[in-house]
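Report on one structure; see the data block that follows.
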Amino acid sequence: MLDIKDLHSGYGELRVLKGIDIEVGENEIVALIGPNGAGKSTVIKSVFNISDVTSGNITFKGQDITSLKTHEIIKLGISYLNQGKINFTNLTVRENLTIGADQIFDPGTVQDGLEKVYTKFPDLKTKENELAYTLSGGQQQMLALGRSLMQRPSLLLMDEPSLGLSPKLQQELFATIASLRDEGISMLIVEQNAKKAIELADRTYLLEDGNVVLEGGKEILENEAIRNVYLGGRY
Ligand SMILES: Nc1ncnc2c1ncn2[C@@H]1O[C@H](COP(=O)(O)OP(=O)(O)OP(=O)(O)O)[C@@H](O)[C@H]1O
Ligand SMILES: [Mg+2]
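Using the working numbering, you'd call the opening residue of the sequence shown number 49 and step up by one each time.
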């Protein structure tokens, strides 16, 4: 579905990614882990063409998207859940969900998307006319995810969706993520908690200093390097 080949990318003169290969298959949850500054967010930004790709290729469903514009990439069905807060805090919950989507889809499709999001996150329905800044941290995260889902993606790129959530809300979020996979959405997820990420994902890539240094399924929990890193508390 998403195929990243020999990708070199960075920001101006700064080279961050040094020739990485990452694949996300249909109906797959793929996790990206690694220390701060390793280039995880840059992988996602490269797919969205908001970092400077210097060489390599990114294809989506067989189409080369490496130099497409961000809005064209969204239209193809790839959605981006940004690291940190991305809601419009002075708009209502409902406005946050519909803004953007109403530029792409007809009103019926927007309404249908809204109902699906409200079914998944009943808190958002209860608060649909409240301003987004009045939501709790967890509810804001749900709103951000809801906004991504309004774009009806077949591939969702999530940058640290669990950041700042309580353990209980993290658990709920991971359950939601698993349910999205069952609904046919493929996902690439950047996650700080390596253990949680590996347990959730079908496959995990470990990124260090702009290189993929390890890739595998849940068995990499037993990998010595990974275990040492846990014990060191680096992740
Ligand atoms: N917009 C930018 N302009 C210039 N340099 C940037 C920009 N964004 C990131 N960088 C640099 O690129 C490198 C990789 O950053 P990136 O955000 O991809 O790391 P990360 O793995 O996501 O880290 P974290 O876990 O802290 O989110 C860092 O050295 C960072 O300072
Ligand atoms: Mg990051």
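Note that the Cβ used here is the ideal one computed from N, Cα and C, for glycine as well.
Check whether the Cβ of residue i lies closer than 7 Å to any heavy atom of ligand 2, and answer yes or no.
i	result
S89	yes
D207	yes
V158	no
V15	The structure shown does not extend to residue 15, since the chain is modelled only from 49 through 283, so no value can be given for it.
V64	no
V78	no
V260	no
V238	yes
Skipping 5 residues on each side, what residues in its chain have a beta carbon closer than 8 Å to that of residue i?
i	result
H56	R63, L65, K66, G67, V101, T102, S103, G104
F136	E143, N144, I147, A180
I98	T118
Please report the distance separating the alpha-carbon of residue i from that of residue j.
i	j	result
R200	E272	39 Å
L213	G186	6 Å
L211	V238	10 Å
E143	E163	14 Å
L262	L139	42 Å
G258	I52	14 Å
Q240	L129	15 Å
L116	F222	31 Å
A249	G265	8 Å
Y253	E231	23 Å
M198	L145	7 Å
Y283	A149	The pLDDT assigned to Y283 is 44, lower than 50, so where the model puts this residue is not dependable, and the model offers no usable value.
F96	L236	13 Å
P209	V91	15 Å
E309	E74	What is shown of the chain runs 49 to 283, which leaves residue 309 out entirely.
K109	T174	37 Å
E61	G156	46 Å
L80	S184	27 Å
Q284	K243	Here the chain covers residues 49 to 283 and nothing more, so residue 284 does not appear.
I233	V158	18 Å
S196	N84	25 Å
K93	E76	20 Å
V141	N177	6 Å
Any heavy atom of ligand 1 inside 7 Å of the beta-carbon of residue i?
i	result
A86	yes
G104	no
G82	yes
Y253	no
Y59	yes
Could you pull out every residue in the same chain whose Cβ sits closer than 6 Å to the Cβ of residue i, ignoring the five residues on either side in sequence?
i	result
A226	none
I152	none
G125	P201, S202
S71	What sits at residue 71 in the sequence shown is Glu, not Ser. Contacts found: D51.
M206	L129, I237
Considering only residues of the same chain and omitting the five flanking positions on each side of residue i, which have a CB-CB separation below 7 Å?
i	result
F169	M190, G194
G82	K88, L254, L255, E256
I268	I246, T252, L262, I274
I122	Q199
K114	Sequence check: residue 114 is Thr here, not Lys. V101, N105, I106, listed in sequence order.
Does residue i get closer than 8 Å to chain B when you measure Cβ to Cβ?
i	result
E71	Considering every chain present, this structure includes no chain B. It has just one protein chain.
Checklist line | Contained alpha helix (DSSP H) runs [length at least 4] in the segment 192-244, N- to C-terminal order | finding: You should have 215-230.
Note to self: If we require 4 or more residues per run, which alpha helix (DSSP H) segments fall completely within the segment 151-179?
What the structure shows: Runs of the alpha helix (DSSP H) inside the segment 151-179: 155-168, 170-174.
Next item on the list: List in chain order: all unbroken beta strand (DSSP E) runs of 3+ residues lying wholly within the segment 78-161.
Entry: Within the segment 78-161, the complete beta strand (DSSP E) runs of at least 3 residues are 100-108, 126-129.
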